[in-house]
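Numbering (my numbering), first residue to last: 2 to 178.
See below for the structure under consideration.
So, in structure tokens, the structure goes:
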């Protein structure tokens, strides 16, 4: 079985900023900061999937019709029960919400059962946090989202491997009257 999820990868500049933010949050909460190479924003978590079904996931993902967008993470917070500290959006961009819902719908239509919890756009900074982290605003960390990926959590190695990725359509410019 393969442990899979769909995700957005930050660009290099955002990754550097997020790594610094993870270190700062770690100093406040303890626990284990997420390694820079693993920083991502999950779109849909699938869990254990038979590798033979990966082509069906790829077909579902190819059906997503969405435009590129700007994403800005402007707050930190925590999922206390899960002992996770995160960076997220005070208000998720409409294009992110629409793209995520479309992807999830196509995945369900293909016969998969992704996580049922309501979608909360966030990027995990610290796992196994030992102290609470109150919600707070931060200097925004932004990047241009131009693609999304199907990712495997590699067993035993603690690494992620991108299995496939899909480009979003360029943003349409508004015509002049």
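We put the beta carbon where it would ideally sit given N, CA and C, even for glycine.
Every value quoted in this text rests on a predicted model; they were computed, and no experiment measured them.
What does a CB cutoff of less than 7 Å around residue 177 pick up in its chain, not counting 5 residues either side in sequence?
With a pLDDT of 48 at residue 177, under the threshold of 50, the modelled position of that residue is not reliable, and the figure given next carries that caveat. Nothing meets the Cβ criterion.
Please return the same chain residues whose Cβ sits closer than 7 Å to the Cβ of residue 10, not counting the five positions on each side in sequence.
Its chain contains 41 and 150 as the residues whose beta carbon lies nearer than 7 Å to that of residue 10, once the 5 sequence neighbours on both sides are disregarded; these appear in chain order.
Hey, is the region 10-27 in contact with the region 104-121, meaning 3+ C-beta pairs nearer than 8 Å?
When Cβ pairs closer than 8 Å are counted between the two stretches, the region 10-27 is seen not to touch the region 104-121, the count staying below three.
Which residue's Cα is closest to the Cα of residue 30: 155, 78, 73 and 69?
78
Figure out for me which residue from 133, 121 and 45 has the closest Cα to the Cα of residue 32.
133
Could you tell me whether any non-hydrogen atom of the ligand SAM is closer than 8 Å to the CB of residue 137?
The ligand SAM is not part of this structure, which contains no ligands at all.
By the three-class DSSP mapping on this structure, what secondary structure does residue 65 have?
coil
Nearest-angstrom Cα separation, counted from residue 45 out to residue 170
20 Å
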